[in-house]
Amino acid sequence: MWQHTAVLMVIDLFASLKLLMQQFTVTQWLKPIRALLDDPMYEDAATQWLAIFEAEVKVLRTMPKSVTVRSLGSNNQWTISVFALRRDTDLLDLYDITENQQGQFELWIDEVHWRNRLVDEKRTVKVIQHLCLPHSQMDFPFEHQAKPALLKMLKRELNSNHSQLVIEALKSVKEVTEQTGLICVKDL
């Protein structure tokens with residue numbers, strides 16, 4: 006019995022160490038960005054970027070790639086990609102995605118069949134979003150593929166005439182993006 010408890014304690018210790026190392030890595034990545042907070046020239050942009058980063062971390066991986074559409078009017082259900090729902094129907098304009106007790110994402114609809122909400126023409130899902138950087142209040146618009154757009158912009162910014170403080174912060178943003186895929190997009 007005590008061996009089982011000891012094994013569980015060791016597993017808990019390794020899990021805690023792994024979490025601590027992940028937190029340490031993120032803390033190290035953010036250190037140069039937080040340094041911008043001490044410079045009045047960059048304080049607002051850095052504050053904005055860090056707020057967006059924190060919000061992105063909170064919702065990271067919570068948006069499902071697919072969702073189970075369930076009809077209140079029948080026992081029908083369908084698993085459909087969120088992209089297809091957005092492109093081909095107006096369901097996401099009318100109903101909210103919820104998470105059930107098992108952690109699965111569902112969309113409960115009043116329709117007998119989801120196809121009743123198909124739109125006549127495929128809706129363009131192309132959305133212009135605005136990337137956020139910690140050294141600038143400027144918006145950096147892009148249409149699709151945020152990660153390549155951000156990495157290209159970072160390469161350009163890193164080759165620009167910036168202070169060492171900004172260069173280190175941009176390198177951290179690049180590292181965060183490459184390692185996690187997390188990208189700070191500003192809501193306008």
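Heads up, the final residue of the sequence shown is numbered 193 in our numbering, and it's a clean run with no missing numbers.
Positions of the beta carbon are idealized from the N, C-alpha and C atoms, including for glycine.
Could you check how far apart the C-beta atoms of V72 and V87 are, in whole angstroms? I think they sit under 8 angstroms. 6 angstroms
Using the C-alpha atoms, what's the distance from E180 back to E111? 34 angstroms
Kindly list the residues whose CB is nearer than 6 angstroms to the CB of M158, restricted to its own chain and excluding five residues on each side of it in sequence; keep chain order. Excluding positions up to five away in sequence, the list reads F145.
Do you know how far the Cα of I85 is from the Cα of Q106? Between Q106 and I85, the alpha-carbon positions lie close to 20 angstroms from each other.
Which ranges would you report for the beta strand (DSSP E) in the stretch 128-178 if only whole runs of at least 3 residues count? 134-138 and 141-147
When the distance is taken between beta carbons, is D49 closer than 8 angstroms to Q142? yes
Residues bridged to L76 by DSSP? Here residue 76 turns out to be Ser, not Leu, going by the sequence shown. Per DSSP, I114.
Secondary structure of K36, DSSP reduced to three states: helix
Cα-Cα separation between D115 and S76, rounded to whole angstroms: 6 angstroms
Apply the 10 Å Cβ neighbour rule to L138 and answer buried if 16 or more other Cβ atoms are within range, or exposed otherwise. Buried, because 16 or more other Cβ atoms sit within 10 Å of the Cβ of L138.
The beta strand (DSSP E) spanning T94 covers which residue range? Run containing T94: none; DSSP gives neither H nor E here.
Can you pull the DSSP bridge partners for I102? Looking at the DSSP assignment, I102 forms no beta bridge with any residue, so it has no partner.
Local conformation of Q109 per DSSP, three classes: coil
State yes or no: is the C-beta of A40 within less than 8 angstroms of the C-beta of L170? Yes, the pair counts as a contact, with Cβ atoms nearer than the cut-off.
Three-state secondary structure (DSSP) of I85: strand
Straight-line Cα distance separating I38 from V31: 11 angstroms
Ignore the nearest five residues each way along the sequence and tell me which others in M26's own chain have a CB closer than 6 angstroms to its CB. Unreliable placement is indicated for M26, whose pLDDT of 45 sits below 50; no coordinate value is reported for it.
Can you tell which of W119, W54, R92 and T94 has the C-alpha that lies nearest to the C-alpha of N80? W119
Going by DSSP in three states, L187 sits in which element: helix, strand or coil? coil
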